[in-house]
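Numbering of the sequence shown is given in full-length UniProt numbering, commencing with residue 1 and proceeding in unit increments.
Even for Gly, the Cβ is constructed at its ideal location relative to N, Cα and C.
All values reported here derive from a predicted model rather than from experimental measurement.
Presented below is the structure to which this report refers.
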Amino acid sequence: MEEISTQFTVENVELILHCLYNDAGSQAQANTYLMNAQISPEAWTFAWQLLDPYKPSETQFFGACTLHAKVSKQWSELPADHYGPLRDSLLKVLFTYITGPKVILTRLCIAMSSYVIQTIDTFWPSAISDLISALQPQNIPNASPQQVANVLLQLLTILPEEFHTTHIAQPRSGIIKNTLCGSLELVMQLVQSVLSRTSSPADLCEICLKCYSSWAILCSEVLEHKSLLLLAFDSVYRDEISQTALETLVNIANISECTKYPSLILEMVDHISKFDDLLKRASQDCDMDKLNSIYGLIIAVAENHCQLLINTILDKPQKKDTILKLISFILQCSSTPGQYPVDEICSEQAFGFWYTLQDTIVSSSRNFETLLLIFHPIFHALLDCYLVKLRYPPENVYKQWRSDEKESFRCYRQDIGDSIMYSYNILRNAALANLLTHLEIAKTTVINNPSQWQYLEACIFAFKEISENVDIKENNLIPRFMNHLRNIPVDNLRIVSGSMEAIGAFAEWINVHPDVLSCVVPLLLMGLQNADVAVSATFALKDISRDCFSSMQPFAGQILHACMDALKGNVLKSREKVRIIATIGKVLSIMPYAYIMEYLDSLLPPIFNQLQEHLCSRDATVNSASIIVHNLHMLSMLFATLDIHYDKEGGGEESEPECSRIQANNQNMPQPVLHVLERLLTLLRTVGYNWEVKEQITEALCEALKRAVSMLSDSCKMFLQDMLNLLLHLYKNCPHHSVLDMTKQLLILFVKDDDERLSLSKYFAEICDHTIQISTKDFRESTNIIESFLQVLDQIIRRAIVFFKDETVSPSVLFHFAASALNLPEKPTVKAAAGFLAEFIMHSREVPSMLNAVNNQGEMLVMQVLKVIGGDSPRPVVEFMSDILMAFNKKYFDNLCRWLGSFPRQEGFPSPRVTQRQKEDFARTVLKERSNKRRLKEVVMEFGLVCRGIIGTEYAAQSYQSFS
């Protein structure tokens, strides 16, 4: 293979094809050779030789694929005087293979279709009529009339598909489409002539239906041929082609231009309304594929044209029953018997329709009350249906399900939950009353037979799903629901867990009805004692304490006591303990200051003892690190939630007098988390800096500090030096973006504090020096930290530029560092570098040392930018170079004129593919665009394509289109 790797002859290609199919060890090398062979100029010659009927089928297939590749992707290589001979050769080889093999015939049809696309607007405008004339039985005696018709229809079916997949420049694309559509009548006459004959073979009818669908997507005028629509519906009742007919009609219904043909859609609705027997037979035969396809068509028509259906109900009452029957079919789909996903998968199709229907009704500007009356029964029925479909199978059955089936069912239930919410948007209180009735029946059922718990669980789930949309002032039905939760069977974990999730979901409503807390708090606290429901309990407690904390004074002691016991026990997992801390923090916030400090004296020692033990451990293990991280997460949550200076929250009832009094007293006291932060920093200082710094510990510690500083703001100033020392230690041992985030937070927070300026500047300088030092050792492997560092520098310039004025910081070094980062291949890193450099340039006239950096290194940066644009870097990063050029344009226009003035005369720079004239035009256009960022970006992108030699190619056009 090595000897022939650069020669693309028919003999070599055949040899490599043999290796590809028969030598597993050389397949990768063979594949590379064949891909290169296909794009070589020689392929125009050897492709025909490979199509010799006496060659092996895999050789013939490669020849056909190569022909298609050349016509569709390397058309520009072909001289215009070769167009005619190529067409004749394609027709000849098509006739040769008209009887098969099918796989090769199909590739040849695709190649011919691509040829038609390339020539129909100029060289061969009569292509379709000529092909129809050529592909007639009398012209091809070696094939049967049916074979000839099949190939003709296959070719006509592929043509629109090939048009959609071939990239053509926009102006020419419209011309080609119009020329193709000019032959629409010819094609549709052919299709109709086949479909209207009852004697037509099934496979011929099938390709006719596909041809109809394909052309309908290309030319919406097909939709005017109602006779074809009728033939397609007739085909639905012919078993051999029913599936294809349904798929064709779905494609028709999905065409966006269908909205311009309302009578066509209503005619489809009329035909669909007669599908009763079709659905019944498919259901009886357990033909799930057929059932799916029928429902797919019904839903496509109803969902895509919902507004039309609603308007028709209002404007043409005689059509109302037909349309409601269509919707009843969709309700029937949602109610498909059996357990999803093991018995049926039809019902999931309807979810999108129910959203569209309720959205159309709710947003209707006319006859809203009338629509509600019409659709109330349907949404009531949907609610009843989903309370069945929601239910778990018996536990012994569910245990046997595969994990993917359980996950599918979980997602399915969530989709049902969304649909229940849509039903509530229509039914409002009627939905609540309906669900409450179901709940009462379900409670009675489970009391009489505990094994029938699924119904009750489904009802509670449904209440949870509508919680977001229930009016927080609703005071009749939701209180009754909450009261029922007081008496649920606590021995059924799914019901208990679902009840707790529902309580958490109604937290905002409970805030307005705090009397309900007496019903729900005991249930939630009980959940802390059971590992199987602790997840739901901790989530619900977190939600309740967040939304109702000012109303929780009567239950605060009880909650805090239960939380402390839960933390001491072995029931809760790590994440659940962190959530419990969120509850503790919120509830502590409404307690007297003395109580808070006393509680913290009990809460904190176990946390700090574990931290000290594992930080000091000489045998540091993965388990030690996870324990340290867990305890830091707990402290982090405490920092985020314990706030005695909170503002009263609106939306609920007035805080109790006792709570207001406590809040007033606490306003004069320091934040308790100040004490917690002091203990944490003291601990870290006490154990020294000899513990192993790991990435996960660094991240968790920085997150805790970040939340503490956010809560305390400048009150943490007394610990600033300790924090700076700690961060510097972390960064030198484990450079991580979280340290840089903290750096940004502290520098911006204390930017106006003159007392701390010196220490902050020194710290900032050390962070900069260390980043540059570690990056210089292995610039390519430090891209993540470089990206984070440059993002921080960008923010510092914008919000705390004073730190760039200090003598300890060298703007010149940072400028050069960022310029070097432009060479990296990672798009986010280059974006960060370009963003920082642009900000640096924009603000540089405020700081003398920054001004010097730009004046001294500006030309170097411009040359570097041109190298990136010219091809030294991956193409996706080119767009960011415009930000730097725009900044120079605005602040250093004269310099930029001088710098750009010299580069056009540099031979081969930034690419040998661009001429001096092109470079001069580029420089002139850049200098002209001083305000239009988007236009400058387009100019830079286009010049980058020119430099890479791909301007005008399909790849370039697709890339440019994605940018636009």
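Anticipated Cβ contact below 8 Å, residue i with residue j, distance rounded
i	j	result
Y295	Y412	Their Cβ separation, rounded to whole angstroms, is 16 Å, which puts Y295 and Y412 out of contact at 8 Å.
F639	M711	6 Å
F840	M850	6 Å
P910	G870	2 Å
N511	C459	Not a contact, Cβ separation roughly 24 Å.
residue 1014	I884	The structure shown does not extend to residue 1014, since the chain spans only 1 to 964, so no value can be given for it.
L588	I581	No, L588 and I581 are not in contact; Cβ-Cβ is about 10 Å, not under 8 Å.
N292	C219	About 29 Å separates the two Cβ atoms, so there is no contact after all.
L105	Y97	5 Å
R917	V946	That pair is no contact at about 11 Å.
L51	G63	4 Å
L204	Q154	Incorrect: roughly 10 Å between the Cβ atoms, too far for contact.
I265	L229	10 Å between Cβ atoms; not a contact.
L632	A700	4 Å
D722	F750	Between F750 and D722 the Cβ distance is about 14 Å, and since that is not below 8 Å, they are no contact.
Three-way DSSP call (helix, strand, coil) for residue i in this model
i	result
F46	helix
T99	coil
D643	coil
L17	helix
D601	helix
N12	helix
Y340	coil
E457	helix
T915	coil
N530	coil
D277	helix
K210	helix
V571	coil
E3	Here E3 scores only 49 on pLDDT, less than 50, and its place in the model should not be relied on; the value that follows carries that caveat. Here E3 sits in helix by DSSP.
T122	coil
P470	The sequence given here places Val at residue 470; Pro does not occur at that position. Three-state result, V470: coil.
W691	coil
E649	Here E649 scores only 49 on pLDDT, less than 50, and its place in the model should not be relied on; the value that follows carries that caveat. If DSSP states are grouped into helix, strand and coil, E649 belongs with coil.
S713	helix
Q906	coil
C391	For clarity, residue 391 is Arg in the given sequence; the question names Cys instead. Of the three classes helix, strand and coil, the one that applies to R391 here is coil, per DSSP.
V300	One point to set straight first is that residue 300 is Ala, not Val, in the sequence displayed. Helix.
K316	coil
E920	helix
S451	coil
Limits of the unbroken alpha helix (DSSP H) element including residue i
i	result
E942	K933 to R948
R685	P672 to V687
M863	P848 to K867
T444	N429 to N448
N487	Per DSSP, N487 belongs to no alpha helix (DSSP H) and is neither H nor E.
Q189	L184 to L195
I590	Per DSSP, I590 belongs to no alpha helix (DSSP H) and is neither H nor E.
L885	M881 to K891
S820	P811 to A821
P657	P657 to N666
M842	K827 to H843
F62	S57 to K73
W401	Neither: W401 is in no alpha helix (DSSP H) and is coded neither H nor E.
Y33	Q27 to Q38
C181	Q170 to C181
Q147	P145 to T165
L131	A127 to A134
I510	A507 to V512
Below-8 Å beta-carbon distance, residue i vs any chain C residue
i	result
N12	Going by chain labels, chain C is absent from the structure shown, which holds only one protein chain.
**Request:** Can you check the segment 719-798 for any alpha helix (DSSP H) of at least 4 residues that lies completely inside it and give the ranges in chain order?
**Result:** 720-733, 737-749 and 757-777
**Every unbroken alpha helix (DSSP H) within the segment 219-269, with a cutoff of 4 residues, ordered by chain** = Taking 4 residues as the minimum length, the alpha helix (DSSP H) runs contained wholly in the segment 219-269 are 226-236 and 242-254, in order along the chain.
**Prompt:** Which ranges does the beta strand (DSSP E) cover as unbroken runs of at least 3 residues, wholly within the segment 321-388, from first to last along the chain?
**Reply:** none
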